Amino acid sequence: MPELPEVETTVRAINKFENEKLVAVIIHNRNLRWKVDKTIEKKIVNKKITKISRRAKYILIQFEDLYIMLHLGMSGNLRIQRNNNNHFKKHDHAEFVFKDEKIIFNDVRRFGSIHLTKNPFDHELIKVLGIEPLSNQFNEDYLYEVCKNSNLEIKKILMDQRKIVGVGNIYASESLFLSRISPERIGKKLSIKDCSNLSNSIKKVLKEAIKMGGTTLKDFYSADGNQGYFKIKLNVYGKDGQLCNSCNNIITKKIIGQRSTFMCSKCQN
DNA sequence: CTGAGATCCTGTCTGC
DNA sequence: TGCAGACAGGATCTCA
């Protein structure tokens, strides 16, 4: 489910809990992508959240002396629910309870995770991450550096979180369409001009998607219960067999790096 | 070091 | 209907 725009949307929805004190923590299932730390409940309960932010696809919740990091994996999401509402859903794995409301972590496939850490920026999963695509460091020069010696398809490069973070399967296909570059183009064949187009397209697509609250294909909901409306702006993702908006050619699907990839072979070279 | 492929898990949809 | 198989927004691990 969640790529950078969906995670960012989720972070904005739970931001209101900054400066609130956690009054209870309940972990129903510790068997997520990684086992949830057994001491997490007692280490964060009764502590105040000082900051909620995002790094790549991780949600960082800072307390006075430590952090928890959440990753939503493929199917995870958070939902805010009033404490007097006792409705639970299948696959609700954790509850973070505040005075009036709680944040519930739900994840059907359990590819998501919850980590406890003193400093996320020293955490092994965070340390290996590449740069943020919406930062100034991400530009044509950076992308060119990353591509110029690579024999991999550009789509694989874009989705490699060690190089660029936050871009997943939807936004990789969409950015490549916007920049008219084929997902199959080999990294080293990209010119600086291509990298300029592509880096700009990535920023544009991600910013627009954030503005629309992310993309809901089927089960992404932000923590406030809203779905994301970027789906109506998708040009190629999930549209194989349909006509390209730009040239009326048929959009095709192809597996690249074990992931479905959508493109217009007439517009993209 | 690189890169390809398997793998974790549950649910839904398609085709026979 | 039933059932097998493919596929789904991610990312790590193993092996060549």
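Take 17 as the starting number for the first sequence in the working numbering and just add one per residue.
Note that beta-carbon positions come from the ideal geometry of N, C-alpha and C, so glycine has one too.
Keep in mind it's a predicted model, so treat the numbers as computed, not measured.
A40 - DSSP class collapsed to helix/strand/coil: Residue state, collapsed to three classes: strand.
Residue from G230, D116, S238 with nearest C-alpha to N99: That would be D116, whose Cα lies nearest to the Cα of N99.
Buried versus exposed, by CB contacts within 10 Å (16 or more), T277: buried
Pick from Q78, I272, S281, L214 that is closest to N264, judged by C-alpha positions: S281
Check whether I84 and I56 have beta carbons under 8 Å apart: yes
Span separating the alpha-carbon of L206 from that of K179: Cα-Cα distance, rounded: 16 Å.
Element boundaries [alpha helix (DSSP H), containing N213]: Counting along the chain, N213 sits inside the alpha helix (DSSP H) bounded by residues 208-227.
Expected contact under 8 Å - CB spacing of L88 and G128 to nearest Å: Indeed, because the Cβ distance is near 5 Å, the residues count as touching under 8 Å.
Unbroken alpha helix (DSSP H) run spanning D123, endpoints: First-last for D123: 117-123, but that is the beta strand (DSSP E), not the alpha helix (DSSP H).
Straight-line gap, V27 to C163 (C-alpha atoms, nearest Å): 31 Å
Which listed residue (P136, K67, T66, V39) has its alpha carbon closest to that of K58: Looking from the CA of K58, the closest CA among P136, K67, T66, V39 belongs to V39.
Proximity below 8 Å, CB of M279 to CB of S217: no
Option in Q284, R95, N35 with minimal Cα separation from T66: Of Q284, R95, N35, the residue nearest in Cα terms is N35.
Whole-Å CB distance - V181 paired with A72, under 8 Å assumed: 4 Å
Coil, strand or helix - Y253 by DSSP: coil
Buried or exposed by the 16-neighbour rule on C-beta atoms within 10 Å, applied to R95: buried
As assigned by DSSP and simplified to three states, the class of G203: helix
Bridge-paired residues (DSSP) for R98: E117
Beta-carbon proximity of R126 to R49, cut-off 8 Å: yes
Residue burial classification, G241 (beta-carbon count within 10 angstroms, cutoff 16): Burial call: exposed.
Rounded C-alpha distance that separates I75 from H103: 25 Å
Spatial distance of L214 from K37 (CA atoms): 43 Å
Burial state of N167, where buried means 16 or more other Cβ atoms lie within 10 Å: exposed
Cβ neighbour criterion (16 or more within 10 Å) applied to E224: exposed
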